[in-house]
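Colleague:
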Amino acid sequence: MVGWIDDWWLRLLAGLLGSGLIAAAAYGVRSLSASGAWSAVVMGTGFVTLGEPVWFGLLIAFFVSSSLLSKWKRKHHAKETAEAKYEKTGRRDAGQVWANGGAGLILCAANAIWADQGWLFAYIGVMAAVNADTWATEIGALSRTAPRSVTSGKPVTAGTSGGVTPLGSAAALAGAVFIGAVAALLLAAPQPAEAAAGTPGGGVAAAAYIAAAAAAGLAGAFADSLLGATGQAMFRCQVCGSEIERAAHCGSAAVKVRGFAWLNNDRVNLLSSLFAGVLAWAIGQWML
């Protein structure tokens, strides 16, 4: 018991130090706001303390890849036009941090209490969905073809919630597969004996993790688009007439035109990632 307590404290300190350094660097390059940085410290410390490398490794893989893509061609006209309609910018705040990683931290804690490979598959699905959605948003904004509504198939302007493009869909699939590949690589490494029940690296082929991530992540990204096109609160700017995710635009209050007031972008991300997590869990149960 004493050894476990010592190990727990070491992991807590390592998580606090590592997460603090990463959050400080992200804040410095404007990838995180102040609230986002503090949230990242708490979340990262929790993952390192409670989980094995695959748990915090996937979180880092998502954060680094999505942050780089957010910075990539940031000044491109198409990206700037689309981002002007988004509720949140590329600088993530606390709401975005917890919407993208909060469910994963709960799954990590559940696995620490009751180790089971199902928790890990669900986590892979959650992270594949948020990564797929981010890659689709950042890369899809550069599409030369106009997005189409996921519900009606009609062309919509860039940045419209629920709009999809072939480029964005391909990016979503790539983002999901990326998470599955990272999970497979991390689980290929020898796992500590106490984590063996929850990280079946030797008993499940890498293809299982990649397949679960690809299917659940892509489904989660499309669920995000569907919620964005139907239930998410959308507003119309009274100055420029644009349909936007923000309650204010062009320096004045916007008018809500559809959706539920409580269903903002962060909650859409959370709900779609939970859906992907359940789907990945089911795929894991079927493939094992």
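Using the numbering used here, read the sequence shown as starting at 51 and increasing by one per residue. All C-beta atoms, glycine included, are put in the ideal place defined by N, C-alpha and C.
Start and end of the beta strand (DSSP E) containing Lys306?
Modeller: Looking at the DSSP string, the run of the beta strand (DSSP E) that includes Lys306 is 305-308.
Colleague: Could you spell out the range, first to last residue, of the alpha helix (DSSP H) harbouring Arg286?
Modeller: That residue, Arg286, is in no alpha helix (DSSP H); its beta strand (DSSP E) goes 284-286.
Colleague: Are the segment 183-203 and the segment 212-219 in contact at 8 Å, needing three or more beta carbon pairs?
Modeller: A contact exists between the segment 183-203 and the segment 212-219.
Colleague: Report the CB separation of Val200 from Ala279 in whole angstroms; it is logged as a contact under 8 Å.
Modeller: So it is a contact: roughly 5 Å between Cβ atoms.
Colleague: What whole-angstrom Cβ distance do Ala262 and Ile174 have, given they're in contact under 8 Å?
Modeller: Sure, about 6 Å apart at Cβ, within 8 Å.
Colleague: Report the partner residues of Pro205 according to the DSSP bridge assignment.
Modeller: The partner list for Pro205 (beta bridge, DSSP) reads Arg198.
Colleague: Would you decide whether Gly203 is buried or exposed? Buried here means 16 or more other CB atoms lie within 10 Å of its CB.
Modeller: Looking at its Cβ environment, which holds fewer than 16 other Cβ atoms inside 10 Å, Gly203 is exposed.
Colleague: Would Trp105 and Asn161 be called neighbours here (beta carbons separated by less than 9 Å)?
Modeller: Going by C-beta atoms, Trp105 is nearer than 9 Å to Asn161.
Colleague: With a threshold of 8 Å, are at least 3 pairs of Cβ atoms found where one atom belongs to the segment 142-159 and the other to the segment 83-98?
Modeller: As far as the Cβ criterion goes, the segment 142-159 touches the segment 83-98, which means the pair count is three or higher.
Colleague: In the DSSP output, which residue or residues are listed as bridge partners for Ala349?
Modeller: Limits of the chain in this structure are 51 at one end and 338 at the other, which puts residue 349 out of reach.
Colleague: Compare the Cα-Cα distances from Leu157 to each of Leu338, Val328, Gln335, Met337 and report the closest residue.
Modeller: Ranking Leu338, Val328, Gln335, Met337 by Cα distance to Leu157 puts Val328 first.
Colleague: Taking the straight line between their C-alpha atoms, what separation do you get for Gly267 and Leu60?
Modeller: If I take the Cα positions, the gap works out to 33 Å.
Colleague: Considering only their Cβ atoms, is the gap separating Val289 from Cys300 smaller than 9 Å?
Modeller: Yes, they are a contact pair.
Colleague: Going by beta carbon distance, what residues of the same chain come within less than 7 Å of Gly231, once the five residues before and after it are set aside?
Modeller: A quick correction: the sequence has Ala, not Gly, at residue 231. Cβ neighbours of Ala231 beyond the five flanking positions: Ile260.
Colleague: At the level of alpha carbons, what is the spacing between Met93 and Leu320?
Modeller: The alpha-carbon atoms of Met93 and Leu320 are separated by roughly 16 Å.
Colleague: In the DSSP output, which residue or residues are listed as bridge partners for Val214?
Modeller: Note: Val214 sits in a beta bridge opposite Arg198.
Colleague: By the DSSP assignment, the alpha helix (DSSP H) with Asn45 in it spans what residues?
Modeller: Since the first and last residues shown for the chain are 51 and 338, residue 45 lies out of range.
Colleague: Helix, strand or coil for Glu188, going by three-state DSSP, please let me know.
Modeller: Glu188 falls in the helix class under three-state DSSP.
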